[in-house]
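Step one of this worksheet: look at the structure below.
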Amino acid sequence: MLDTKFILSNLEFVRQTVADKGAAHARIDLDKFVRLDESRRKAQTENDRFAAEKNKLSKQIGPLMGKLKGSDEAARAAAQKEIDALKAQSAALDDQIQQQAFEFAKAETELDQMRAWIPNVPHESVPPGKSAADNPVVRTWGEPCRFEFKPKFQYELGEDLGILDCARGAKVAGSGFYFLCGDGARLERALIAWFLDEHRKNGYLEVIPPYFVNEKTLFGSGQLPKFLDQMYYAGEDKLFAIPTAEVPVTAFYRDEMLGESDLPKKFCASSACFRREAGAAGADTRGILRVHQFNKVEMLKYTTPETSYAELESLTADAEALIQKLGLHYRVITLCRGDLGFSAAKTYDIELWAPGTGKWLEVSSCSNFGDYQARRSNLRYKTAGGGKPQFVHTLNGSGLALPRLQAAIWETYQQKDGSVIVPEVLRSYLGGQERIEARKA
RNA sequence: GGCGGGUUGGCCGAGUGGUCGAAGGCGGCUGUCUUGAAAACAGCUAGACGGGAAACCGUCUCGGGGGUUCGAAUCCCUCACCCGCCGCCA
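FYI, the numbering for the first sequence is 40 to 480, going by our numbering.
Encoded structure:
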């Protein structure tokens, strides 16, 4: 959420951001926002004046009540008379207070609702651009591998090796669900364990988060209210299945006050992720490039505003290091203004080259959210200097998302005989196994 | 699912109708003392919003919401969460 004062004093910048992010929407009417803020302030000023007056009257009644207990009957009668007069004055204020309080609440509620739909503004280093086609490539690592045979793509490899079963996934749960079997499941487990071990070495605290969260938690990270239709919802219990571990871990310190010396805080979390992918029908439907449930290890950081952009670089580097050790070809792109997500101030996407599919696959999205999520989550820290509490900055990035990574590994390390070589760093997690071969029945 | 006890500032913890935004302690900051530090002593130390050039002033906030009252941390209702005991169960 953006600060109301920031919106008002940077109105055109916010207006441009809303347009850039394609967030233009009847719910966001910035001219109305300005008007509402004016009426909110006016109502509050009026309300405060009447309330102050009423408070003064009440304070006069207290001592008079004491006099009612005295023995002098004339004095008691006089006090009673005074009390009645004060009560009458007080009652006369009620209508006005109620009226102003109503006006204030009405304006504030509308302002809050509108603010909930206004996206974060981009950092100054974010490049201009309208869509994914305009995202500049920051760097590329490795070389695309060459084959002396026609390489298979992920779905074929998975099914041929017997490590992926999409048909039965569809039967059991529906399209977009799948089984990993045998060495496919083991490779997944190895990757997750290895990621977490690497992150722990880099100072990230490993957590296993709740897979279901409440509405407030989703509001905090920015999924709600805008992306309601992308979430699985258990209505009986008013709980949502998490689309990423970012959601529960960002809420870890919600409504809390941290100390500056506690920062930065670094977490890594492994979880299943659940996404309805509404509106994505027809895209990447074959295999495991776009699915409703997948595993992911997520890295998160809570930092001070001063260090968050440096921490974004190191977060991205931590994700890249994993890919480098796996020996895969990848590139890093910066999302342009038009492609930047709702809550993000700056994002790097990391894409793996999948030689069989012939596409770059996004396996990590590393973002700095600035204070946007912290504001929505009421998450502050006390500064070392002792000044006012500040909102922390939050960052997160995948390290890494499993299905597309598996796809890239299969495709990159496939052999002429159809088997797949296991990347060296993972072998100790697989009992030394060096190769995945077709599973018999 | 049933019954009982809780929820107060960064933390702990007093406070059962008025002078309470809240005693006391811890922690933090500042000063005195000291070569420096510790200790001791003194002072300061919640947030949001509004008004104001500022000093400062006002309103609201004692888990959330609603109610009673001139006035609520305090009384009533309700919801959430936490801690017990019972039931069910991986």
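Every residue, glycine too, gets a C-beta built ideally from N, C-alpha and C. Quick caveat, the model's predicted, so the values are computed rather than measured.
Query	Result
On the three-state DSSP scale, how would you describe Leu148?	The amino acid at residue 148 is misidentified as Leu; the sequence shows Thr. Reduced to three states, the DSSP call for Thr148 is helix.
Under 6 Å Cβ to Cβ from Asn334, same chain only, skipping five residues before and after it: list those, please.	Ala311, Leu441
Three or more C-beta pairs closer than 8 Å, one from the region 94–113 and one from the region 121–135: is that the case here?	yes
Beta-carbon separation of Val459 and Leu365 under 9 Å?	no
Where Gln363 and Pro462 are concerned, what is the direct C-alpha to C-alpha distance, given to the nearest angstrom?	11 Å
Leaving out the 5 sequence neighbours to the left and right, which residues in its chain are closer than 7 Å to Leu302 when beta-carbon positions are compared?	Tyr341, Thr342, Thr343, Tyr420, Val431
How big is the Cα-Cα spacing for Glu359 and Lys71?	44 Å
Count Cβ pairs between the region 412–426 and the region 190–204 that sit closer than 8 Å; are there 3 or more?	no
Based on the DSSP output, what are the partners of Asp134 in its beta bridges?	Bridge partners of Asp134: none, in fact.
When DSSP labels each residue in this structure, what does Gln99 get in the three-state scheme?	helix
Taking 8 Å as the limit between beta carbons, can you name the residues of its chain near Ser300, skipping five residues before and five after?	Ala423
Counting Cβ pairs, one atom from each stretch, are 3 or more of them under 8 Å apart for the region 260–270 and the region 373–382?	yes
To the nearest whole angstrom, what separates the beta carbons of Arg25 and Thr43, a pair I think is in contact under 8 Å?	In the structure displayed, the chain extends from 40 to 480; residue 25 sits before or after that span and is not available.
Considering only residues of the region 230–305, which uninterrupted beta strand (DSSP E) runs meet the minimum length of 3 residues and lie entirely inside it, listed in chain order?	244–246, 278–280, 296–298
According to DSSP, simplified to helix, strand and coil, what is Gly223?	helix
Following a CB-centred definition, is Glu92 positioned closer than 8 Å to any heavy atom of the ligand ZN?	By its list of ligands, the structure shown contains no ligand whatsoever, and the ligand ZN lies outside what it can speak to.
From the DSSP output, read off the bridge partner residues of Ala191.	The amino acid at residue 191 is misidentified as Ala; the sequence shows Lys. According to DSSP, which records beta bridges pairwise, Lys191 is partnered with nothing at all.
Are three or more beta carbon pairs between the region 51–66 and the region 79–88 nearer than 8 Å?	no
Considering only DSSP beta bridges, list what His368 is partnered with.	Beta-bridge pairing links His368 to no other residue.
I'd like the span of the beta strand (DSSP E) that includes Tyr420, first residue to last.	419–421
Quick one: Cα of Glu401 to Cα of Thr324, how far?	15 Å
Could you give the DSSP three-state label for Thr451: helix, strand or coil?	helix
Applying the criterion that 16 or more other CB atoms from any shown protein chain within 10 Å of the CB defines a buried residue, is Thr148 buried or exposed?	exposed
Report yes if the CB atom of Thr451 is closer than 9 Å to the CB atom of Cys184, and no otherwise.	yes
Beta carbon of Phe218, beta carbon of Asp204: below 9 Å?	yes
Throw me the rounded Cβ distance for the Val330 and Gly215 pair, which I believe falls under 8 Å.	5 Å
Can you tell which of Glu237, Lys305, Thr179, Met270 has the C-alpha that lies nearest to the C-alpha of Ile372?	Thr179
Residue range of the beta strand (DSSP E) that Cys205 falls in?	Premise fails: Cys205 lies in the alpha helix (DSSP H), 205–211, not in any beta strand (DSSP E).
If you draw a straight line from the C-alpha of Gln152 to the C-alpha of Lys427, how long is it?	26 Å
Can you grab the Cα-Cα spacing for the pair Lys126 / Leu96, in whole Å?	8 Å
I need the boundaries of the alpha helix (DSSP H) containing Ile46, first residue and last residue.	43–48
Quick one, are the C-beta atoms of Thr433 and Ser404 less than 9 Å apart?	no
So the candidates are Ile136, Asp456, Leu107, Leu439; which of them puts its Cα closest to the Cα of Phe188?	Asp456
Do you know whose CA, among Ser129, Arg88, Asp173, lies nearest Ala140's CA?	Arg88
From Leu47 to Ala317, what distance separates their C-alpha atoms?	34 Å
Is the beta carbon of Asp268 closer than 9 Å to that of Leu150?	no
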